[in-house]
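Numbering (full-length UniProt numbering), first residue to last: 1 to 456. Worksheet: one structure, shown below.
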Ligand SMILES: Cc1cc2nc3c(=O)[nH]c(=O)nc-3n(C[C@H](O)[C@H](O)[C@H](O)COP(=O)(O)OP(=O)(O)OC[C@H]3O[C@@H](n4cnc5c(N)ncnc54)[C@H](O)[C@@H]3O)c2cc1C
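Quick look at the structure:
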């Protein structure tokens, strides 16, 4: 039975989260620079003290690292409860860090736990879970990210070490990270999905450099959390390999499902926040003698946003429930995650544009933060797989449940349906002793509408 209910003890935790986010986390956005990377800047010791202090409160409430199972230091809440937690963060970029569930660290922690050796877990996973360090995940390259069989960064074996050469791009937080998980081609001649291997590379490794910091719209030039990276003869020991040689795609796939769901859960909060802003604006702004909330087009925008928000929230909750049923790795789970991912990009983009428009000139001004929200919304159709790829995956999975009609006409063409219906109903008519003609009623239908007896 599908169940999204919230028991009273967890409801009390959600009430605490709501209050905490509103009174202690949201204020951070307005005091500190909104730069996307600020919460991840381990070098900003003053801000780190503030964040650590708030993290203590979260830990005290038993809400730290809510995305992880309990044996990894998390709370073992499962995906449905995590949806209620993540949606509470709304537009907050500090929320996930304060609660210890920020990407890409959350996904990196998962693959370190799944594929890491004991030594790797001690060296990298433990400090990551304690939020003493940050990490990056490096898959995308400057020549294109949608097709990961197109990677050019190589790792070549040399005795007990591997030598890495190449470039990565849009590696979130790599400029603040202690280590990176880097996907490299280790066997260019292998079938495309067996070519790559994952390596853990410390950011102080000789030969590694940040070519340029790259930010989103409105991040100051030279700042931003998604840098362009270069690896020139970077040497790592074989003990830095994460997972088996040639299994880089398996490792990559393992982290993406959860990460996409977490993004979608936070997007529910983003959309709710935009809806709140739209509603306030509609009630506050007057035009031609009435508040704009009285205009039918504004009402429709609000109503459509509310309906889409509810639909999307239920889609995410249902997918989260599927995850909790341990079906996340099956084909149905993959279809649902891709559906959620595509829906998330659509609703984020459409509602953000709607909200900006409803605000008029102040919506596109630099005295509101719609610029950052628009960049955030637009990135949802790109990161973790572009929308087109997810839509195609949904369609491919969907089509597995269907068959071609077998000839030039659809199954639902009327003459096929009539023949089928006659066969289905014949036993019942025989039983009650009537013919189709007798039971047809008195209206004289055109031939094509007649249930039986037509030559078509
Ligand atoms: C904010 C942000 C954070 C990111 N963080 C990370 C990170 O931490 N680590 C990391 O490795 N990467 C990260 N990325 C990169 C992200 O994964 C890539 O942007 C994504 O894979 C798309 O690659 P691309 O940007 O090169 O787009 P392209 O591959 O150049 O695609 C551009 C467009 O081409 C079209 N297109 C491409 N392929 C197809 C197709 N098969 N079918 C139909 N249309 C297609 C689509 O319209 C698509 O939007 C991040 C990106 C953003 C924006």
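Every residue gets a Cβ at the ideal spot worked out from N, C-alpha and C, and that includes glycine.
Could you spell out where the alpha helix (DSSP H) holding residue 267 opens and where it closes? 248-284
Segment contact, 8 Å Cβ cut-off, at least three pairs: the segment 44-55 with the segment 230-240: no
Evaluate residue 105 with the Cβ neighbour count: other Cβ atoms within 10 Å of its Cβ, from every protein chain shown; 16 or more gives buried, anything less gives exposed. buried
Do the segment 270-280 and the segment 315-330 meet, that is, are 3 or more Cβ pairs less than 8 Å apart? no
Per DSSP, residue 290 forms a beta bridge with which residues? 287
Let me make sure I understand the geometry here. Which of 304, 412, 384 and 293 has the alpha-carbon closest to that of residue 138? 384
State yes or no: is the C-beta of residue 47 nearer than 7 Å to some heavy atom of ligand 1? no
Run the CB neighbour count on residue 91, radius 10 Å, all protein chains shown included, and call it buried at 16 or more, exposed below. buried
Figure out for me which residue from 311, 359, 123 and 371 has the closest Cα to the Cα of residue 344. 311
Does the count of Cβ pairs from the segment 243-252 and the segment 189-201 closer than 8 Å reach three? yes
Since residue 196 sits in a beta bridge, which residues does DSSP pair it with? 185
Where does the unbroken alpha helix (DSSP H) through residue 361 begin, and where does it stop? That residue, residue 361, is in no alpha helix (DSSP H); it is neither H nor E in DSSP.
Just to confirm my understanding: we take residue 386, look at its own chain, exclude 5 residues before and 5 after, and list those with CB closer than 6 Å. What are they? 146
Between residue 60 and residue 75, how many whole angstroms is the CB-CB distance? I'm expecting something under 8 Å. Residue 60 to residue 75, Cβ: 13 Å. No contact.
Since residue 339 contacts residue 394 with CB under 8 Å, what's their CB separation in whole angstroms? 5 Å
Mapping DSSP to helix, strand and coil, what is residue 454? With a pLDDT of only 47 at residue 454, under the threshold of 50, the placement of this residue in the model should not be trusted, and no figure is reported.
Across the segment 154-172 and the segment 112-123, are there enough close Cβ pairs to call them in contact, namely three or more that are closer than 8 Å? no
DSSP bridge partner residues for residue 336 (one or two, in chain order): DSSP lists no partner for residue 336.
Rounded to the nearest angstrom, what separates residue 229 and residue 288 at their Cα positions? 55 Å
State the beta-bridge partners of residue 229 as determined by DSSP. 168 and 210
Spatial distance of residue 257 from residue 89 (CA atoms): 20 Å
Could you check what DSSP says for residue 118 in three-state terms: helix, strand or coil? helix
Distance, Cα to Cα, residue 15 vs residue 380? 28 Å
Among 433, 93 and 113, which has the Cα closest to the Cα of residue 254? 113
When burial is assigned at 16 or more other CB atoms within 10 Å of the CB, is residue 20 buried or exposed? buried
Return helix, strand or coil for residue 135, following the three-state DSSP convention. strand
So does residue 145 have its beta carbon nearer than 7 Å to some heavy atom of ligand 1? yes
Cα-Cα separation, residue 193 to residue 185: 10 Å
CB residue 103 to CB residue 262, shorter than 8 Å? yes
So for residue 322, helix, strand or coil by DSSP? helix
Three-state secondary structure (DSSP) of residue 144: strand
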